[in-house]
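Per the working numbering: the sequence shown = residues -12 to 387.
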Amino acid sequence: MNIVQKYGGSSVESIEKMQNVANRIIRKKEEGYDVVVVVSAMGKTTNQLIEMAKKITINPSQRDLDMLMSTGEQVSISLLSMVINARGYESISLTGFQAGIKTEGIHTKNKISDIEIDRVKKHLSNGKIVVIAGFQGMNEDGDITTLGRGGSDTTAVAVAAKLECVCEIYTDVDGIYSVDPRIYPNAKKIESISYEEMMEMSSLGAKIMETRSVEIGYRYKVPIYVASSLVDVKGSLIKEYDELMENKSITGLTISENVLMITVINVPYSPENISAVFSKLASKDVNIDMISQTSPNNSLVNLSFTTSKDEEYTVMEVMTQLKNQFAHIEIQKDIAVTKVSVVGMGMKNQSGIAAQVFKLFADNQIHFKLVTTSEISISYTINSADKQKAVSILAEAFNL
Ligand code: ASP
Ligand code: MG
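Here it is, written out as C-alpha cells:
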C-alpha cells in the first residue's frame, strides 16, 4: 500500500529535526507501506531566498525567482535522503521535475498540469523510500517553476491523488483548530472537517494548508490527515462531508491579516469605467477578493476592493495608470485591516448567521468595512485594532 507523507519547513529545519522525521518515515516503511515523502525547504529558507532577491530589486524576473526559490527544497530532499540512507534504509531524492511534475501557468504561481508518476512507482517497487521536492515542477519550456507559497502541500496531495492513497501532512501544529490557537487559545481541535469547509477556511486565510492542495484532495477524494511531526497526538482528518460531522452552523473562524484595502474615490460612473479598473488589475493577475461600490453621486462612485498585501506593488502600478486615465480620482490605501470570516456547511440550511454577527459587532462597537458572503462563509473586514475582541466574541458565541 502506498502512502504520501509531507513534512513542512519547521519539521525539517535542522538535521536533528530530520532525524525525527526519519523515525516516522521508517516506522511507516516497517509497517509495510511504500512511502513517498514530500518536503518543504528547511525552516524559513524560502523567505530568506526572497529577501536576498529583494536586496537586488523589488521586481525581479519571476523566472529567476522560481529558479532561486526552488533551491530550498533541493537542499532538504538531499539531506533527508542522506539521513534515511544513513539509517540503513534505501531512499532516493527527486526534484519536482524528476518526479514527473509538469506545470503550466505563470512563474511563481504555476499549477500542476499532470504528473508522470512512472519513475516514482518504479523506485517504490524497488523498495525505495522516495523523497520528492515539494513546491516545484517544470513547465513546457523546460523551465523550473514553483507552485505559489505553501505549494508543497499541493505537491503532496497531487502525488497522493496520482498514487490513489492517503496523504499525511505533518506540521508544527497538532491538527486543525476551529480558530487559530495563537489568537484564541481556547480553540477546539476539529476531529474531521469536510473538504469544502477546509477549502473555504484556507482560502480565507487559515494558514494550515494551501488552498489548492485541498481542492485537489476534494476533486480526487484524497483523505488528508493533518498532524504534528513532533508529538504523537491524534490530528485532524479532511474528508468528504457527511451528516455525522458536527451539527454546528459554524465550524471555524479564520483571520487574515494579509489584506490590502484600496479605495478609489470619485470614479466617473459608467459600467465601462468600473470594468476598466478591474480588467487592468486582472491583466496583471491580481487576485481581487472583496469589492464594494457606492451608488452614484453626481455621476461619481467610490470603489473599494481588497487583495493580498503581496500585490501592493502591482496594484499601485495599476492605480498610477488609472490616475492618468481619470485625473480626478483619489486613491486610498489601508493596510491596517483584518478579515474575519466564519465558515460552516451548516450555513447552507440555516439562516440568520449574518444577522447574528452584525448584532454581536454592534453590541461590542466593532465597525466593519466590507462584508462578503459565500454559500458557506461570511467575511467581514474590520480595523486590525479590533481583531482580538472580534475573534473572542465570535468564538464564544459560536462555541468554537
Ligand atoms: N518552501 C515553500 C514556501 O515556503 C513551499 C512550502 O513550504 O510549502 O512557500
Ligand atoms: Mg505550509
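Even for Gly, the Cβ is constructed at its ideal location relative to N, Cα and C. On a predicted model such as this, the values are computed, not experimentally measured, just so you know.
*Kindly indicate the opening and closing residues of the alpha helix (DSSP H) around TYR408.*
The question about residue 408 has no answer, for the chain in this structure spans -12 to 387.
*For ALA9, which of SER27, VAL305 and SER68 has the nearest alpha-carbon?*
On the sequence shown, residue 9 is found 22 positions in, with the first residue counted as 1. Taking only the C-alpha atoms, the option nearest ALA9 is SER68.
*Going by DSSP, what residues sit across from ALA120 in a beta bridge?*
What you label residue 120 is simply residue 133 of the sequence shown in a count that begins at 1. DSSP output for ALA120 lists VAL26 as bridge partner(s).
_Quick check: LEU150 and THR141, are their CB atoms within less than 9 Å of each other?_
Start at 1 with the first residue of the sequence shown, and residue 150 comes out as number 163. Start at 1 with the first residue of the sequence shown, and residue 141 comes out as number 154. Judged by their CB atoms, LEU150 and THR141 are not nearer to each other than the 9 Å cut-off.
*Do ASP140 and the ligand ASP come close, with the Cβ less than 8 Å from some heavy atom?*
Start at 1 with the first residue of the sequence shown, and residue 140 comes out as number 153. Yes, the ligand ASP has a heavy atom inside 8 Å of this Cβ.
*Which partner residues of TYR164 appear in the DSSP bridge assignment?*
By 1-based counting over the sequence shown, the position of residue 164 is 177. For TYR164, which the question treats as bridged, DSSP gives the partners LYS176.
*Is it buried or exposed for ILE2, if we count other Cβ within 10 angstroms and need 16 for buried?*
Here residue 2 corresponds to residue number 15 of the sequence shown, with the count starting at 1. Counting C-beta atoms within 10 angstroms of its own C-beta, ILE2 has fewer than 16 neighbours from the protein chains shown and is therefore classed as exposed.
*Give the straight-line distance between the Cα atoms of ILE363 and LYS335, rounded to the nearest whole angstrom.*
Residue numbering aside, residue 363 sits at position 376 when the sequence shown is read from its first letter. Residue numbering aside, residue 335 sits at position 348 when the sequence shown is read from its first letter. For ILE363 and LYS335, the distance between alpha carbons rounds to 6 Å.
*For the ligand ASP, any of its heavy atoms closer than 8 Å to the Cβ of PHE84?*
In the sequence shown, residue 84 corresponds to position 97, counting from 1. It does not: the Cβ of PHE84 is nowhere closer than 8 Å to a heavy atom of the ligand ASP.
*Tell me whether THR301 sits in a helix, a strand or coil according to DSSP, three-state version.*
Residue 301 sits at position 314 when you count from the first residue of the sequence shown. In this structure, THR301 counts as helix in the three-state DSSP scheme.
*asked:* At a threshold of 8 Å, does ARG136 count as lining the ligand ASP (C-beta to nearest heavy atom)?
replied: The count along the sequence shown starts at 1 and reaches residue 136 at position 149. At least one heavy atom of the ligand ASP is nearer than 8 Å to the Cβ of ARG136, so yes.
*asked:* Rounded to whole angstroms, what is the Cα-Cα separation between PHE292 and ASN284?
replied: Sequence index remark: in the sequence shown, residue 292 carries index 305 (1-based). Sequence index remark: in the sequence shown, residue 284 carries index 297 (1-based). In a straight line, the C-alpha of PHE292 is about 19 Å away from that of ASN284.
*If you draw a straight line from the C-alpha of SER270 to the C-alpha of VAL144, how long is it?*
The count along the sequence shown starts at 1 and reaches residue 270 at position 283. The count along the sequence shown starts at 1 and reaches residue 144 at position 157. Going from the Cα of SER270 to the Cα of VAL144 covers about 30 Å.
_Cβ-based neighbour list, LEU83, same chain, cut-off 6 Å, excluding 5 preceding and 5 following_ = Within the sequence shown, residue 83 is the residue found at index 96, counting from 1. Per the sequence shown, residue 83 should be read as Gly rather than Leu. Contacts found: ALA120, GLN123 and GLY124.
*Reference GLY192, options VAL288, ILE180 and GLU244, closest by Cα*: On the sequence shown, position 205 is the one that residue 192 refers to. Restricting attention to VAL288, ILE180 and GLU244, the CA atom closest to the CA of GLY192 is found in GLU244.
*Contact check, ILE156 vs ILE116 under 8 Å by CB: the rounded distance?*
Along the sequence shown, read from residue 1 onward, the residue named residue 156 stands at position 169. Along the sequence shown, read from residue 1 onward, the residue named residue 116 stands at position 129. About 18 Å separates the beta carbons of ILE156 and ILE116, which is beyond the 8 Å limit, so they are not a contact pair.
*With DSSP collapsed to three states, give me the class of SER68.*
Taking the first residue of the sequence shown as 1, we reach residue 68 at position 81. Look at SER68 here: in three-state DSSP terms it is helix.
*In this structure, does DSSP put GLU182 in helix, strand or coil?*
Stepping through the sequence shown from its first residue, residue 182 is reached at position 195. Here residue 182 is Tyr; the residue named in the question, Glu, does not match the sequence. Of the three classes helix, strand and coil, the one that applies to TYR182 here is helix, per DSSP.
*Note the first and the last residue of the continuous beta strand (DSSP E) segment covering THR95.*
Locating residue 95 in the sequence shown gives position 108, where the first residue counts as 1. For THR95, there is no enclosing beta strand (DSSP E), as DSSP marks it with neither H nor E.
*Give the C-beta separation of ILE237 and ILE340 to the nearest angstrom, bearing in mind that I take them to be a contact with Cβ-Cβ under 8 Å.*
The count along the sequence shown starts at 1 and reaches residue 237 at position 250. The count along the sequence shown starts at 1 and reaches residue 340 at position 353. Right, their Cβ atoms sit about 7 Å apart.
*asked:* By alpha-carbon positions, which one of ASP53, GLU298, PHE348 and ASP21 ends up nearest to LEU36?
replied: Translated into positions along the sequence shown, residue 36 becomes position 49. Of ASP53, GLU298, PHE348 and ASP21, the residue nearest in Cα terms is ASP53.
*Would LEU240 be called buried (16 or more neighbouring beta carbons within 10 Å of its own) or exposed?*
On the sequence shown, residue 240 is found 253 positions in, with the first residue counted as 1. Classification for LEU240: buried.
*Would you call GLY129 buried or exposed, if buried means 16 or more other Cβ atoms sit within 10 Å of its Cβ?*
In the sequence shown, residue 129 corresponds to position 142, counting from 1. Its Cβ having fewer than 16 others within 10 Å, GLY129 is exposed.
_In the DSSP output, which residue or residues are listed as bridge partners for CYS152?_
Translated into positions along the sequence shown, residue 152 becomes position 165. Within the DSSP secondary-structure output, CYS152 pairs in no beta bridge.
_Taking the alpha-carbon of ARG14 as reference, which of LYS42, VAL246, ALA174 and ASP219 has the nearest alpha-carbon?_
Counted from its first residue, the sequence shown places residue 14 at position 27. Ranked by Cα distance from ARG14, the options LYS42, VAL246, ALA174 and ASP219 are led by ASP219.
*First through last residue of the alpha helix (DSSP H) which encompasses ALA10*: Within the sequence shown, numbered from 1, the residue matching residue 10 stands at position 23. A quick correction: the sequence has Asn, not Ala, at residue 10. That run of the alpha helix (DSSP H) goes 2 to 17.
_Residues near SER165 in its chain [Cβ-Cβ closer than 7 Å; skip 5 each side]_ = In the sequence shown, counting from the first residue as 1, residue 165 sits at position 178. Within the same chain, ALA174, LYS175, ILE177, THR238, GLY239, LEU240 and LEU387 come within 7 Å of SER165 by CB-CB distance, once the 5 residues on both sides are set aside.
*Limits of the beta strand (DSSP E) - the one that GLN280 falls within*: Translated into positions along the sequence shown, residue 280 becomes position 293. Under the DSSP assignment, GLN280 falls in the beta strand (DSSP E) whose first and last residues are 278 to 280.
*Entirely within the stretch 31 to 87 and at least 3 residues each: give me those beta strand (DSSP E) ranges in chain order.*
As far as the stretch 31 to 87 is concerned, its whole beta strand (DSSP E) runs of at least 3 residues are 78 to 81.
*Can you tell me which of the three DSSP states LEU240 falls into?*
For the purposes of this step, residue 240 is taken as the residue at position 253 of the sequence shown. DSSP places LEU240 in strand when its eight states are reduced to three.
*Check whether the Cβ of THR33 lies closer than 8 Å to any heavy atom of the ligand ASP, and answer yes or no.*
As a position in the sequence shown, residue 33 is number 46, starting the count at 1. Result yes, Cβ under 8 Å from the ligand ASP.
*Looking only at C-alpha atoms, which of ILE322, VAL330 and VAL(-9) sits nearest to CYS392?*
Because the chain is modelled from -12 through 387, residue 392 falls outside the range shown and cannot be assessed.
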